[in-house]
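The structure under discussion appears below in the form of structure tokens.
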Amino acid sequence: MIYYSTKRQAEEASLKKALFKGLPEDNGLYMPEKIAKLPQEFFDNIEKLSFQDIAYEVTNALLSEDVPSEEIRKIVDDAVNFDAPIVKVVDQIYSLELFHGPTLAFKDFGARFMARLMSYFLDKGEKLHILVATSGDTGSAVAQGFFGVEGIQVTILYPKGKVSPIQEQQLTTNGGNIKAVEIEGTFDDCQRLVKEAFLDKELAETLNLTSANSINISRLIPQSFYYFNAFAQLKREGFKKVIFCTPSGNFGNLCGGMIANRMGLKVEHFIAATNANKVVPVYLRTEIFQPRPSLATISNAMDVGNPSNFPRLLELHNNDFETLKERVTGTYFTDEETRDTMKEVYDQTKYILCPHSAIGYQALKDYMDKEEIGKKTAGVFLSTAHPVKFVEIVEPVINKKLEIPQRLQEIIDRPKKATLLEADFKKFKKYLLAEVTATV
Ligand SMILES: *Cc1c(COP(=O)(O)O)cnc(C)c1O
48 MIYYSTKRQA EEASLKKALF KGLPEDNGLY MPEKIAKLPQ EFFDNIEKLS FQDIAYEVTN
108 ALLSEDVPSE EIRKIVDDAV NFDAPIVKVV DQIYSLELFH GPTLAFKDFG ARFMARLMSY
168 FLDKGEKLHI LVATSGDTGS AVAQGFFGVE GIQVTILYPK GKVSPIQEQQ LTTNGGNIKA
228 VEIEGTFDDC QRLVKEAFLD KELAETLNLT SANSINISRL IPQSFYYFNA FAQLKREGFK
288 KVIFCTPSGN FGNLCGGMIA NRMGLKVEHF IAATNANKVV PVYLRTEIFQ PRPSLATISN
348 AMDVGNPSNF PRLLELHNND FETLKERVTG TYFTDEETRD TMKEVYDQTK YILCPHSAIG
408 YQALKDYMDK EEIGKKTAGV FLSTAHPVKF VEIVEPVINK KLEIPQRLQE IIDRPKKATL
468 LEADFKKFKK YLLAEVTATV
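Here the sequence shown is numbered in the working numbering, starting from 48 and rising by one per residue.
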């Protein structure tokens with residue numbers, strides 16, 4: 048399969064190149080030339096398939112030109128080794144829980160799949176070094192996703208004192224092929240060091256450097272799996288149609304749903320829900336796309352002022368604004384509204400939402416209340432993180448202590464291992480070169 052750039056100024060790429068390069072030279076985004084449709088039979092019988100079987104069929108349809116089916120089976124079984132159940136919150140409204148993976152957020156799907164696909168494409172004996180700067184969530188998903196994957200070394204940079212205690216434990220307690228570097232500086236300093244490393248000739252010659260950021264095409268594929276799987280579960284409950292609502296920041300997760308739709312999954316409507324960072328909802332009303340500096344909110348994983356996957360939304364609708372507008376409703380909420388939703392839903396149903404998922408619930412609820420929705424249609428909002436990841440925000444709002452899941456408790460109990468460095472490129476480079484010599 049050929050992958051082209053949304054800006055159409057860069058050379059087309061193979062899957063392997065798109066995967067390892069991440070971004071085309073023209074700063075567009077890679078897209079597959081064709082998105083295969085799944086056969087009607089697949090949808091007729093979807094409720095009989097397991098989550099892993101669905102993931103396998105979807106991946107096989109998209110990647111079979113480049114990866115043998117038995118390898119796809121292995122990659123998928125290993126990447127999708129936890130569930131994504133739907134849970135009824137109120138009549139006709141379901142939470143799609145995407146937080147049952149190792150770091151308790153949906154980014155586990157993308158990171159685990161990307162790691163295994165990269166490992167498959169590495170030649171025998173070839174080594175790859177992933178460098179990531181993180182403000183928290185992406186880094187922990189990448190750390191867990193790549194942990195123990197053969198041939199791949201990971202270095203994660205994070206700003207000292209600026210990630211939550213749980214996030215820091217998730218970043219720094221893996222050991223093995225995952226190294227954490229604590230930078231005396233800000234997230235922007237971490238990003239600058241990573242950028243400089245990619246531009247450094249000596250590092251490029253010594254280390255096979257790659258990034259693992261959220262625009263990588265391989266992260267979108269697994270983010271479509273759970274849309275299909277949610278539909279399968281709804282069918283088992285007797286529903287025939289579905290509306291999806293995705294709390295969004297960089298809009299990668301929503302792209303996953305749109306890919307599923309292009310592959311033949313019938314979706315009545317999409318809702319894109321954000322916090323005060325409302326660039327896309329405003330665009331959907333005005334056709335004016337105006338990136339802005341990001342605003343800090345309590346749903347901080349969605350604090351994005353210039354959503355990086357935005358061009359893909361249009362591309363998935365043949366670059367036609369009217370079609371996109373027709374298919375997607377954009378909504379946004381303030382922190383106060385988000386807190387009100389978390390409290391109201393907990394008081395009425397005992398269901399606990401993280402701030403991101405609360406935005407998804409409210410956007411969906413408002414839409415369902417306003418439109419004429421038939422009894423056979425269910426609304427599904429994506430619960431992108433476990434509430435315990437945002438315990439400082441959730442507990443005071445619902446006035447209840449949260450239980451810490453076992454898999455998180457294990458991480459909290461492990462010793463932290465990180466190297467403390469100044470935000471200085473020379474020192475960082477020396478560290479990287481010494482690390483590599485030590486691990487060869
Ligand atoms: C990353 C993230 C989001 C936003 O997802 P996008 O794909 O960037 O739109 C929402 N919620 C949580 C908890 C996240 O970690």
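Each residue gets a CB set at the ideal place from its N, CA and C atoms; glycine is no exception.
Any non-hydrogen atom of ligand 1 within 7 Å of residue i CB
| i | result |
| --- | --- |
| P294 | yes |
| L301 | yes |
| D184 | yes |
| A152 | yes |
| F234 | no |
| N308 | no |
| T385 | no |
| M161 | no |
| H403 | yes |
| F428 | no |
| A190 | no |
| N297 | yes |
| T388 | no |
| S261 | yes |
| T466 | no |
| M305 | no |
| A131 | no |
| A348 | yes |
Residue i - DSSP class collapsed to helix/strand/coil
| i | result |
| --- | --- |
| A83 | coil |
| F278 | helix |
| A259 | coil |
| A485 | helix |
| L467 | strand |
| K313 | coil |
| E229 | strand |
| G208 | coil |
| T321 | strand |
| A152 | strand |
| P294 | strand |
| G222 | coil |
| K474 | helix |
| I377 | For the sequence presented, residue 377 should be read as Gly rather than Ile. In this structure, G377 counts as strand in the three-state DSSP scheme. |
| V196 | coil |
| V289 | strand |
| P71 | coil |
| V127 | coil |
| A343 | coil |
| S355 | coil |
| I268 | coil |
| N92 | coil |
| V105 | helix |
| L240 | helix |
| D113 | coil |
| K248 | helix |
| S166 | helix |
| D367 | coil |
| E362 | helix |
| K372 | helix |
Proximity below 8 Å, CB of residue i to CB of residue j
| i | j | result |
| --- | --- | --- |
| F428 | S142 | yes |
| N322 | I406 | yes |
| L240 | I230 | yes |
| A491 | P71 | The structure shown has nothing for residue 491, since the chain only spans 48 to 487. |
| P354 | V375 | no |
| F380 | F298 | no |
| Y273 | L145 | yes |
| E191 | T253 | For the record, residue 191 in the displayed sequence is Gln; it is not Glu. Result no, Cβ atoms of Q191 and T253 do not sit closer than 8 Å. |
| A126 | P269 | yes |
| A140 | L455 | Looking at the sequence shown, residue 140 is not Ala but Ile. No. Outside cutoff. |
| K464 | A188 | no |
| K390 | V444 | yes |
According to DSSP, residues forming a beta bridge with residue i
| i | result |
| --- | --- |
| L178 | T202 |
| P328 | None; P328 has no bridge partner. |
| Y141 | K135, V427 |
| M78 | Y51 |
| A60 | Y50 |
| P338 | According to DSSP, P338 bridges with nothing at all. |
Residue i beta carbon near ligand 2 (any heavy atom closer than 7 Å)
| i | result |
| --- | --- |
| A432 | Ligand 2 is not among the ligands present in this structure, which contains only ligand 1. |
Minimum Cβ-Cβ distance from residue i to chain D less than 8 Å
| i | result |
| --- | --- |
| A131 | In the structure shown, chain D does not exist; there is a single protein chain. |
| Completely contained beta strand (DSSP E) runs for the stretch 395-463, where each covers 3 or more residues | Unbroken beta strand (DSSP E) stretches of 3 residues or longer found wholly inside the stretch 395-463: 424-430, given in chain order.
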